[in-house]
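Student:
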Amino acid sequence: MTNFSTLPPVRGRLKSNVALGPRTWFRCGGQADWLFVPEDIQDLAFFLGECPPELSQTVLGACSNVIIRDGGIEGVVIRLAGGFSDIIKDDDGLIIGAATLDVNIAEKAASYGLGGLEFLAGIPGSIGGAVAMNAGAYGGEIVQCLDWIECLDRQGNLKRYPASALNMSYRHSELPERSIVVKARLKATPEDPELIRQKITEIRTAREDSQPLKTRTGGSTFRNPDGHKAWMLIDQAKCRGLKIGDAQISEKHCNFMLNLGKASSAELELLGETVRQRVFDQTGISLQWEIKRIGRNLPVSNKL
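Be aware that the sequence shown starts at 1, since it is given in full-length UniProt numbering, and climbs by one per residue.
1) On the DSSP bridge list, what partners appear for Trp231?
2) Which residues in the same chain have their Cβ closer than 8 Å to the Cβ of Gln288, if we skip the five residues on either side of it in sequence?
3) With three or more C-beta pairs closer than 8 Å as the rule, is the segment 275 to 287 touching the segment 227 to 237?
4) Excluding the five sequence neighbours on either side, which residues of its own chain have a C-beta within less than 6 Å of the C-beta of Gly133, listed in chain order?
5) What is the rounded straight-line gap between the Cα of Gly125 and the Cα of Thr6?
6) Given Arg278, which residues of its chain have a CB within under 7 Å of its CB, disregarding the five upstream and five downstream residues?
7) Going by DSSP in three states, Val10 sits in which element: helix, strand or coil?
8) For Phe256 and Asp43, I'd like the C-alpha separation in whole angstroms.
9) Please state if the CB of Arg204 and the CB of Ala121 are separated by a distance shorter than 8 Å.
10) Helix, strand or coil, according to DSSP, for Gln282 in the structure here?
11) What number of angstroms, rounded off, separates the C-alpha of Gly272 from the C-alpha of Ala266?
12) Which two residues bound the contiguous beta strand (DSSP E) that contains Gly97?
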């Protein structure tokens, strides 16, 4: 545990031994040694500049596509929240705080008559995470609309990078090392607001019809391999409905894992690895995790 006296004074919230599970969509996982929720960019920049350089840092947003392991996260967890959720119209685009939920961006763009961002209504989570993994859904990807990002480096310096510097590809972005995305500008196209809202409604309906939205889940578990759909490979390997403890592969969409109530993070991760092994044994295809797994494992005897 890092001694509190070594951490700089901040305007935001800084607490020790904070449970992270309730903050994740799966509703499980361990504690943060320290949790820092900065008030704004200036508060975060000061904290980064004054922090001990050896202090481990982990950045979290909406926690929609993450498994936090049962042993928690060492060092300090930085969680971006309200002070990073502004949406500002900027000519043919929007300048957005990194903690802004993707669905809110789609809705705000519609109110401004800016099209091309409707696909964000189909992506759980916040724009900072979406940029970090080049998230996509329903025919759209972040790379198609991203203009630039602003990041704070480990010393608290604010820098801007064009999208072209991120080498974005399918579910992949190369962010500057040890940096934190705090803003992004998305390009859009003027369009009839009613047509935009209609597209958003169609995406929402499609999601509700095909995905287990009203459950403890974390979005798509695995990336689609080239030329394949992950859910089809999982289904063909007879993993639909597979359970380990209270962790289950969804019956409705088998590229989604569910916490039925009391699943541990270890159970969820073991379930995912079991699915990967079964798919590989049957097809020779190695599924790659889309869900990020972070933190410390508990001793083996305490996992399951």
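Glycine is no exception: its CB is placed at the ideal position from the N, C-alpha and C atoms. Just so you know, these numbers come straight off a predicted model, no measurement behind them.
Tutor: Taking the structure as given:
1) For the purposes of this step, residue 231 is identified with residue 231 of the sequence shown, where counting begins at 1. BP columns for Trp231 are empty, so no partner.
2) Reading the sequence shown from its first residue, position 288 is the one you call residue 288. So the qualifying residues of the chain are Phe222, Arg223, Pro225.
3) yes
4) As a working note, residue 133 is residue 133 in the sequence shown. The question names Gly, yet the displayed sequence has Met at residue 133. Same-chain partners within the cutoff: Arg171.
5) Working through the sequence shown from its first residue, we reach residue 125 at position 125. Working through the sequence shown from its first residue, we reach residue 6 at position 6. So the alpha carbons of these two residues sit roughly 32 Å apart.
6) On the sequence shown, position 278 is the one that residue 278 refers to. Correct list, in chain order: Ala237, Cys239.
7) Translated into positions along the sequence shown, residue 10 becomes position 10. Of the three classes helix, strand and coil, the one that applies to Val10 here is coil, per DSSP.
8) What you label residue 256 is simply residue 256 of the sequence shown in a count that begins at 1. What you label residue 43 is simply residue 43 of the sequence shown in a count that begins at 1. Those two C-alpha atoms are separated by around 37 Å.
9) Taking the first residue of the sequence shown as position 1, residue 121 is located at position 121. Taking the first residue of the sequence shown as position 1, residue 204 is located at position 204. Against a cut-off of 8 Å, the Cβ pair of Arg204 and Ala121 comes out as a contact.
10) Counted from its first residue, the sequence shown places residue 282 at position 282. Gln282: helix per DSSP, three-state reduction.
11) Residue numbering aside, residue 272 sits at position 272 when the sequence shown is read from its first letter. Residue numbering aside, residue 266 sits at position 266 when the sequence shown is read from its first letter. For Gly272 and Ala266, the distance between alpha carbons rounds to 10 Å.
12) As a first step, residue 97 is located in the sequence shown; it is residue number 97 there, counting from the start. Element bounds for Gly97: 93 to 97.
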